[in-house]
Amino acid sequence: MKEIIKKIIAEFWDKSVTYIPRKKITEELATAKSSIIITGPRRAGKSYTIYELRDMIMKKGAEKQDFLCINFEDERLSDLKKEQLDLLLEAYYEMRDRKPIIFLDEIQNIVGWEKFIRRLADDGYKVVATGSNSEILSMEIANRLGGRFLETEIYPLDFKEFLTFKKMEIRREYLYSKERFKLKKYFDEYLLYGGFPEVAFFSEHENKIKVIKTYFNLVFYKDLIAKKELENETALRFIIKKLRENIGNIITPRAIYASLKNAGIEAGPNTVEKYIQYLEEAFLIIPCKHFAKSVSKQEKKKRYFVDNGYIKIFEVKEDLGLLLENLVFTEFIKKGKDVGYYQGKKECDFIVEGREAVQVAYNLNEENEGREVEGIIEAMKVCGLEKGIIITYDQEREIEKEGKKIQVVPAWKWALSL
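Residue 343 in the numbering used here is what sits at position 343 of the sequence shown, and the numbering runs on without skipping anything.
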């Protein structure tokens, strides 16, 4: 096993990759004095962030051989146990007599990894660990790590990063020139297929869908069915389907349980709650709580998919309004915003950082404008907010009502302003 580890370490030294610079994330991490845990969905770019971090640290004087990097997805390490983790350091020190910077990719594959990396941090090693399961940031594990790690999350590309990936320079004058048509074309692609880097690489619909389905199946079978030892695959698929049908709506585990029962699928209420929790831990869906101090209200959650691409693979009628709302929510999450929803006599899609009320409507028209405006005004009044915006596909104007000013903005332009 030690010789295999040596080979993997040397392969990292020799490997160069092309990545999308995510400087806002990596600059913060590269200058952090503490060790780091990075979580996020599979294939969102965590492994590439390791290479970007390596290159940033090397610009400050480090050499490639100063890094000990292990990816625990490597099938050559499938039999590695926590009791053997000390072999990593033994192998490195037999290759180089210098204290390494340690990168541990997809660490959740080693059961009981926490004590090992805490010991490394206690011994003064700089450790960067990544994982595709939010469970590794749970309170229990955080206590085992003793507060020694900076925690951050990496998601699929936001719209600005997506444009960078497409090699499109973002200039303010483009918002008003012919280039805006190219911007809108890319936004349409982003709206439909999401921001996974490999998906963005392909131009053909068939290839994009093939990649997204591969990602979904990896999460479904490896992170859920196998890792969690789930026996009721039929119930899990049904739950995901119901969450897809109810994006942007409040749907409780009990309501899903009732639907399962009506469909003749055997699964108890506790199973439903447990499966939804697992979906959140696997970064397939993200909950959105009620913006209220009441704990009982906060328990009534909306749920969104981590990427629009996952919505696209379901064989149901395409709903552009639903896709736009999911996109807006995930853009806020990618920027680290605290997001909740408002529900009183009226409804407002999002309250952001307790400072801004946001409605999402693909197209404002005579049928829905009154409802959208009344909802955002009530939310602004109840929450004491001065700022309100309605994000549409391509409409832009200002609405003034009851002493409140509401900006109507195109989603593509809004995403560039975040």
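Ideal Cβ placement from N, Cα and C applies to all residues, glycine included.
Nothing here was measured: the structure is a model prediction, and the numbers come from that model.
Given a cut-off of 8 Å, decide if residue j and residue i are closer than it, judged by their beta-carbon atoms.
i	j	result
Y304	T330	yes
K121	S35	The amino acid occupying residue 121 in the given sequence is Ala; Lys does not appear at that position. Yes.
A411	L284	no
R54	F67	yes
C383	Y341	no
N308	L183	no
A419	P156	Since the displayed the chain opens at 1 and closes at 418, residue 419 lies outside it and no answer follows.
G248	L322	yes
I276	V306	no
F159	A200	no
K126	I101	yes
R76	I8	yes
L324	Y393	yes
K337	E315	no
E374	K404	no
L418	I170	no
I250	K300	yes
L104	I5	no
K208	Y193	yes
A235	A267	yes
L320	R355	no
S134	E27	no
R244	I311	yes
I25	T152	yes
According to DSSP, residue i sits in a beta bridge with which residue or residues?
i	result
N270	Paired residue(s): none; N270 is not in a bridge.
C383	Beta-bridge pairing links C383 to no other residue.
E347	Q343
K289	G340
Y304	I286
T18	T18 pairs with nothing; no bridge assigned.
A357	I351, G388
T152	I38
G131	T39
R397	V408
By the 10 Å Cβ neighbour count, where 16 or more other Cβ atoms means buried, how is residue i classified, buried or exposed?
i	result
E83	exposed
D79	exposed
K261	exposed
H205	exposed
F291	buried
V17	exposed
L85	buried
Y221	exposed
L29	buried
Y257	buried
Y93	exposed
N270	exposed
K302	buried
N109	buried
A223	Checking the sequence shown, residue 223 turns out to be Asp, not Ala. Result: buried.
V111	exposed
So, at 6 Å on beta carbons, what are the nonlocal neighbours of residue i in its own chain, with the 5 sequence-adjacent residues on each side left out?
i	result
K46	I38, G40, T130, I154
S132	R42
V211	E198, V199
K474	Any property of residue 474 remains undetermined from this structure, which presents the chain solely from 1 to 418.
F187	W412
N232	A267
A379	Y342, C348, A357
V272	P253, I256, Y257
C69	F12, F103
For residue i, collect the residues of the same chain with a Cβ closer than 7 Å to its Cβ; drop the 5 residues on either side in sequence, then sort them by chain order.
i	result
I376	C348, A357, Q359, G388, I390, I406
W113	K82, I107
Y215	R42, R43, F196
E396	V408, V409, P410
Y19	Y48, Y51, E52
R98	D66
D74	I8
S259	K242
Please find out if some non-hydrogen atom of the ligand FAD comes closer than 7 Å to the beta-carbon of residue i.
i	result
E398	This structure simply doesn't include the ligand FAD, nor any ligand for that matter.
Between which residues of its own chain and residue i is the CB-CB distance below 8 Å, once the five residues before and five after are set aside?
i	result
R22	G45, T49, E52, I154, E161
T31	none
K401	V373, I377
G344	E378, A379, V382
I351	F291, V339, G340, Y341, Y342, A357, V358, A379, C383, L385
I313	I209, I212, K213, F216
A10	M95
C288	K301, K302, R303, Y304, F329, V339, G340, Y341, F350
Residue ranges of each alpha helix (DSSP H) run of no fewer than 4 residues wholly in the segment 183 to 256, ordered along the chain? Here the runs fully enclosed are 197 to 201, 205 to 217, 233 to 245.
Minimum length 4: unbroken alpha helix (DSSP H) runs contained in the segment 20 to 108: The qualifying runs are 23 to 31, 46 to 59, 86 to 95.
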